[in-house]
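Notes to accompany the following structure.
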Amino acid sequence: SRNGDNSASRITLTRFLSQYVKDHPEFEDLENILLAVQMACKTISSLVSRSGLAYSIQNDDTDADNYNSDGRFYSMKRLDKLSTTVLKNALKFTGTVQMIVPEALETSEEPDQHQPGVLIAYDAHNLACLDPLDGSGNSDASICTGTVFGVFKRGNTVDFDEDSLLEAVLQPGNKMRAAGYCLYSSATVLVFTLGSSVYGFTLDPQIQEFVLTHDKLTIPKRGNVYSCNEANSEGWKNGWKEYLRNLKLGQGETKEKYALRYVGSMVGDIHRTLLYGGVFGYPSDRLHRPQGNLQLLYKSSPMAFVVHHAGGKAMDESGADLLDKRPERIHQKSPCFMGSPDDMEELKRYLTRLE
Ligand code: FBP
Numbered sequence: 057s058r059n060g061d062n063s064a065s066r067i068t069l070t071r072f073l074s075q076y077v078k079d080h081p082e083f084e085d086l087e088n089i090l091l092a093v094q095m096a097c098k099t100i101s102s103l104v105s106r107s108g109l110a111y112s113i114q115n116d117d118t119d120a121d122n123y124n125s126d127g128r129f130y131s132m133k134r135l136d137k138l139s140t141t142v143l144k145n146a147l148k149f150t151g152t153v154q155m156i157v158p159e160a161l162e163t164s165e166e167p168d169q170h171q172p173g174v175l176i177a178y179d180a181h182n183l184a185c186l187d188p189l190d191g192s193g194n195s196d197a198s199i200c201t202g203t204v205f206g207v208f209k210r211g212n213t214v215d216f217d218e219d220s221l222l223e224a225v226l227q228p229g230n231k232m233r234a235a236g237y238c239l240y241s242s243a244t245v246l247v248f249t250l251g252s253s254v255y256g257f258t259l260d261p262q263i264q265e266f267v268l269t270h271d272k273l274t275i276p277k278r279g280n281v282y283s284c285n286e287a288n289s290e291g292w293k294n295g296w297k298e299y300l301r302n303l304k305l306g307q308g309e310t311k312e313k314y315a316l317r318y319v320g321s322m323v324g325d326i327h328r329t330l331l332y333g334g335v336f337g338y339p340s341d342r343l344h345r346p347q348g349n350l351q352l353l354y355k356s357s358p359m360a361f362v363v364h365h366a367g368g369k370a371m372d373e374s375g376a377d378l379l380d381k382r383p384e385r386i387h388q389k390s391p392c393f394m395g396s397p398d399d400m401e402e403l404k405r406y407l408t409r410l411e
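The letter at position 303 of the sequence shown is residue 359 when you use mature numbering (1 follows the signal peptide of the UniProt record, and there is no 0), and the numbering goes up by one with no holes.
Shown next as structure tokens:
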């Protein structure tokens, strides 16, 4: 408009969703969940951006919950918990969604590891898994974090008792109806797909609304960045090792020398990969993390669903489609790779070669 304020013509997420379900009535039942997620993400965004301030205020309080076993201030746990509460309340507010917080501890590959609190939400039609604050360990240093979610069909046969629901949620990513994430960084960006195009919305802090900034987002066919935790390289398999050696030497398919970028916050690393292209990977590390570090159900699977619908690809360590992999347990981890289609094809040749 003439005064330079085009807010009236901008497409907010709320408006976008109401139009989307008008055009695609089969997704009508998802609108409530998505609106609740966007509400919660706005609040979590504001909590995350104030976490340093919360530190100085809470530093002298006597709440034992704020300290870990060494007596060190432990605001990470607090922010984790707060985000879970915010999401739970937002979903409850819909009046149609109920929740389960599965026991964090179960027999796992790494029983001593901190198990993040995943949230399972359900209504008459859907079963959703939500990771309220991935990478929360980073937030004290003001490094980016994210919320991740994936939604499955509940299916008529599933009973309402907790065990049946927890069993029913163990589905491969290709069964998702919707998935997405919200990145809390220099900007807050919510990216999601309802199984066709991918859309990205940026939170405008002035009006506290998510506005459409990435319409039909597609990943570049090729990138020149790889992203992984190099400190695990002694335990990596040969395929991934050789692939990276060639990228570093400029002897891969493109003959271009690749750069390394690793934030250590999955949502940030994968969001960058979506926009700039390249490869993100958390492979197995024979010495320390035999299944990598990313839980399939509520971290890598929803992210893979987004990458796939943006034109990218996600694989496990055998080169098989990650979206076909069904978790056997809620917190099960799996090695994973995702990124630009051409980079993934190149990597696949290394992964499928016999060791
Ligand atoms: P938390 O949610 O427990 O912080 O762990 C998840 C995560 O931080 C991912 O965001 C990230 O990709 C990965 O762990 C990093 O693992 P590593 O520190 O081994 O590189």
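From the three backbone atoms N, C-alpha and C, an ideal C-beta is built for every residue, glycine too. Model, not experiment: these values are computed from the prediction.
| message | Using the three-state DSSP reduction, which class does residue 185 fall into: helix, strand or coil? | response | strand
| task | Give me whichever residues DSSP pairs with residue 270 in a beta bridge. | result | 256
| Grouping DSSP H, G and I as helix and E and B as strand, with all else coil, what is residue 76? | helix
| request: Using the DSSP secondary-structure output, state which residues sit across from residue 140 in a beta bridge. | output: Answer is none; residue 140 lacks a bridge partner.
| request: May I have a chain-ordered list of the alpha helix (DSSP H) segments no shorter than 4 residues that lie completely inside the stretch 319-353? | output: 322-332
| Is any heavy atom in ligand 1 found nearer than 8 Å to the beta carbon of residue 38? | With the chain covering 57 to 411 only, the question about residue 38 has no answer from this structure.
| Considering only C-alpha positions, which residue in the set 247, 359, 222 and 198 is nearest to residue 175? | 222
| task | For residue 327, count neighbouring Cβ atoms within 10 angstroms of its own Cβ and tell me buried if that reaches 16, exposed if not. | result | buried
| query | For residue 263, is the classification buried or exposed, using 16 other Cβ atoms within 10 angstroms of its Cβ as the cut-off for buried? | reply | Exposed, by the Cβ-count rule.
| task | Would you check whether ligand 1 has a heavy atom nearer than 8 Å to the C-beta of residue 322? | result | yes
| task | Compute every distance between the C-beta of residue 198 and the non-hydrogen atoms of ligand 1, then say whether any falls below 8 Å. | result | no
| said: Once the 5 residues before and after residue 138 are set aside, which same chain residues still bring their CB inside 7 Å of it? | reply: 103
| Using 8 Å as the Cβ pair cut-off and three pairs as the minimum, do the stretch 374-385 and the stretch 260-280 touch? | Output reads no: the stretch 260-280 does not touch the stretch 374-385.
| Contacting residues, own chain, Cβ-Cβ under 7 Å from residue 239 (five flanking each side not counted) | Sequence-distant Cβ neighbours of residue 239 in its own chain, meaning closer than 7 Å and more than five residues away, are 200, 202, 245, 323, 324 and 327.
| CB-CB under 7 Å to residue 252, same chain, minus the five flanking residues each way: which ones, in chain order? | Correct list, in chain order: 365.
| task | Taking residue 406 and residue 318 to be in contact with their CB atoms under 8 Å, please state how far apart those CB atoms are, rounded to whole angstroms. | result | Contact check for residue 406 and residue 318: beta-carbon distance about 20 Å, past the 8 Å limit, so the pair fails to qualify.
| ligand 1 heavy atoms versus the CB of residue 179: any closer than 8 Å? | no
| query | Under the criterion of a Cβ to heavy atom distance below 8 Å, does residue 328 qualify as lining ligand 1? | reply | no
| request: Could you tell me if residue 290 is buried or exposed, where buried requires 16 or more neighbouring beta carbons within 10 angstroms of its beta carbon? | output: exposed
| query | Once you ignore the five residues that flank residue 397 on each side, which residues in its own chain have a CB closer than 7 Å to its CB? | reply | 277, 367, 368 and 369
| message | Just verifying my parser: in three-state terms, what is the DSSP assignment at residue 282? | response | strand
| said: Going by DSSP in three states, residue 262 sits in which element: helix, strand or coil? | reply: coil
| request: Answer with buried or exposed for residue 280, where buried requires no fewer than 16 other C-beta atoms within 10 angstroms of its C-beta. | output: Buried: at least 16 other Cβ atoms inside 10 Å.
| Helix, strand or coil at residue 204 [DSSP, three-state] | strand
| Coil, strand or helix - residue 178 by DSSP | strand
| Environment of residue 71 [buried if 16+ CB atoms lie within 10 Å] | That one is exposed.
| request: Taking 8 Å as the threshold, find out whether the stretch 88-107 comes into contact with the stretch 293-313 through three or more Cβ pairs. | output: no
| task | Note down, in chain order, each residue of its chain lying with its Cβ closer than 8 Å to the Cβ of residue 321, except the 5 sequence neighbours on either side. | result | 190, 191, 194, 199, 200, 201 and 202
| request: In the DSSP assignment, find the unbroken beta strand (DSSP E) run with residue 234 in it and report its ends. | output: 232-240
| query | For ligand 1, is there a heavy atom less than 8 Å away from the beta-carbon of residue 389? | reply | no
| field | Any non-hydrogen atom of ligand 1 within 8 Å of residue 240 CB | value | Flag unset: Cβ of residue 240 not near ligand 1.
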